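Engineer: Note that the protein sequences, when read in sequence, are chains A and B. If you count by the numbering used here, then the first sequence holds residues 247 to 385, one letter each, in order. If you count by the numbering used here, then the second sequence holds residues 18 to 135, one letter each, in order. From the three backbone atoms N, C-alpha and C, an ideal C-beta is built for every residue, glycine too. Note that the structure is predicted; figures quoted are calculated from it, not measured.
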Amino acid sequence: VTTTENPLVRSYLARLDDALANVPPEERRQILDGIQEHAAAALAEIDDPTEADVRNVLARLGDPDAIAADARERLGITPSRSHSATTVMLWVGAVIGVFNLLMVSTSQVGPIEFAFLAVPVVVLVVLALGLRRHVRQPT
Amino acid sequence: MHCMVARDGLLTQMRKGALEYCVLALLSEREMYGLELVRTLAEVDGMVLSEGTLYPLLSRLRKEELVDTTWQESLAGPPRRYYRLTAKGRRALAEFMTEWRRFRDAVDALLDDERRGL
Numbered sequence: 247v248t249t250t251e252n253p254l255v256r257s258y259l260a261r262l263d264d265a266l267a268n269v270p271p272e273e274r275r276q277i278l279d280g281i282q283e284h285a286a287a288a289l290a291e292i293d294d295p296t297e298a299d300v301r302n303v304l305a306r307l308g309d310p311d312a313i314a315a316d317a318r319e320r321l322g323i324t325p326s327r328s329h330s331a332t333t334v335m336l337w338v339g340a341v342i343g344v345f346n347l348l349m350v351s352t353s354q355v356g357p358i359e360f361a362f363l364a365v366p367v368v369v370l371v372v373l374a375l376g377l378r379r380h381v382r383q384p385t
Numbered sequence: 018m019h020c021m022v023a024r025d026g027l028l029t030q031m032r033k034g035a036l037e038y039c040v041l042a043l044l045s046e047r048e049m050y051g052l053e054l055v056r057t058l059a060e061v062d063g064m065v066l067s068e069g070t071l072y073p074l075l076s077r078l079r080k081e082e083l084v085d086t087t088w089q090e091s092l093a094g095p096p097r098r099y100y101r102l103t104a105k106g107r108r109a110l111a112e113f114m115t116e117w118r119r120f121r122d123a124v125d126a127l128l129d130d131e132r133r134g135l
């Protein structure tokens, strides 16, 4: 029985593949291949490996999330989640800002229009503060 | 407590940094396949925590062209991917060895001074 046919190894490799989602494709492929070959070589040394043998080989390889975390550190990849959150915030802020500015410019300035004008200003201030914190974080 | 954490973090980082060159040093002696490399490293106390973390490291060494790979048949089991040092890898290892010895001697000299003072 080859390793790719073993359901335990297959699910381990699938979990690792998921965990390596933000690793570039070439490195992701190399890591997956290396680990698959490692498991195959380790199991080939055992005559008729049992489920316990397979579990032991996988346990020694370690947790897929830990391997992925190590891969990101080794390959200098920062998780992109916080970046995309900031990007979404920026777009939402920009759309609200442009919309409100258009509303104000096409109507006469009264108390309601003034409130509309205040919204983009507040959004921009919050964004600026958030961005400053975001920029400082990685250092 | 805080000091312990900082020291553990430093040791982890030092191990991680040095591991790259330990792999290059092992491969400078002969080509090895992944499992063989892991086992040789495991014999050195505290060098590898989980076997799987060797593969991101090997991927990086391949990307930097310090290491390349060849396939070889094996008598027992599937063909094996052997990792071998490139000329660039050999140079990187030689540079590290010089730097490492200089660094080690400097730290040792300072630590010995400290001990004399205690």
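1. Between Lys-80/B and chain A, is any beta-carbon pair separated by less than 8 Å?
2. Which residue from Thr-324/A, Asp-309/A and Gly-343/A puts its Cα closest to that of Ala-215/A?
3. Taking a contact to mean a Cβ-Cβ separation below 8 Å, would you say Ala-285/A touches Val-303/A in this structure?
4. Around the C-beta of Arg-121/B, are 16 or more other C-beta atoms found within 10 angstroms, so that it is buried, or is it exposed?
5. Is Asp-293/A helix, strand or coil when you go by DSSP?
6. Determine whether the beta carbon atoms of Ile-281/A and Leu-307/A lie at a separation below 8 Å.
7. Can a CB atom of chain A be found closer than 8 Å to the CB of Glu-46/B?
8. Within 8 Å of any Cβ in chain B, is that where the Cβ of Leu-321/A sits?
9. Which residues, taken in chain order from the stretch 77-108 of chain B, show a beta carbon closer than 7 Å to some beta carbon of chain A?
10. Give me the subset of the stretch 253-285 of chain A whose CB atoms are less than 7 Å from a CB atom of chain B, sorted by chain position.
11. For Pro-384/A, which residues from the same chain have a beta carbon less than 8 Å from its beta carbon, with the 5 sequence-adjacent residues on both sides left out?
12. Can you find the residues in the same chain that come closer than 6 Å, C-beta to C-beta, to Arg-382/A, ignoring five residues on each side of it along the sequence?
13. By the criterion of Cβ-Cβ separation under 7 Å, what are the contact partners of Ala-361/A in chain B?
Structural biologist: Short version:
1. One-based indexing of the second sequence puts residue 80/B at position 63. Taking Cβ atoms only, chain A reaches closer than 8 Å to Lys-80/B, which makes this a yes.
2. Any answer about residue 215/A is impossible in this case: the structure gives chain A only from 247 up to 385.
3. The residue labelled residue 285/A in the question sits at position 39 within the first sequence. The residue labelled residue 303/A in the question sits at position 57 within the first sequence. Result yes, Cβ atoms of Ala-285/A and Val-303/A sit closer than 8 Å.
4. Here residue 121/B refers to the residue found at position 104 of the second sequence. Arg-121/B is exposed by the Cβ-count criterion.
5. Translated into the one-based positions of the first sequence, residue 293/A becomes position 47. DSSP places Asp-293/A in coil when its eight states are reduced to three.
6. Here residue 281/A is taken as the residue at index 35 of the first sequence, counted from 1. Here residue 307/A is taken as the residue at index 61 of the first sequence, counted from 1. Result yes, Cβ atoms of Ile-281/A and Leu-307/A sit closer than 8 Å.
7. Locating residue 46/B in the second sequence gives position 29, counting from the first residue. By this cut-off, Glu-46/B is not an interface position.
8. Here residue 321/A corresponds to residue number 75 of the first sequence, with the count starting at 1. Leu-321/A counts as touching chain B.
9. Per Cβ criterion, the list reads Arg-77, Arg-79, Lys-80, Ala-93, Gly-94, Pro-95, Arg-97 and Arg-98.
10. Close to chain B, meaning a Cβ-Cβ distance shorter than 7 Å, are the following residues of the stretch 253-285 of chain A: Glu-273, Gln-276, Ile-277, Gly-280, Ile-281, Glu-283 and His-284.
11. In the first sequence, residue 384/A corresponds to position 138, counting from 1. Unreliable placement is indicated for Pro-384/A, whose pLDDT of 43 sits below 50; the coordinate value is still reported in the next sentence. Around Pro-384/A: Thr-324.
12. One-based indexing of the first sequence puts residue 382/A at position 136. Interpretation of Arg-382/A is limited by its pLDDT of 49, a score under 50 that renders its predicted location unreliable; no figure is taken from the coordinates.
13. As a first step, residue 361/A is located in the first sequence; it is residue number 115 there, counting from the start. None at all; the shortest Cβ gap to chain B is about 50 Å.
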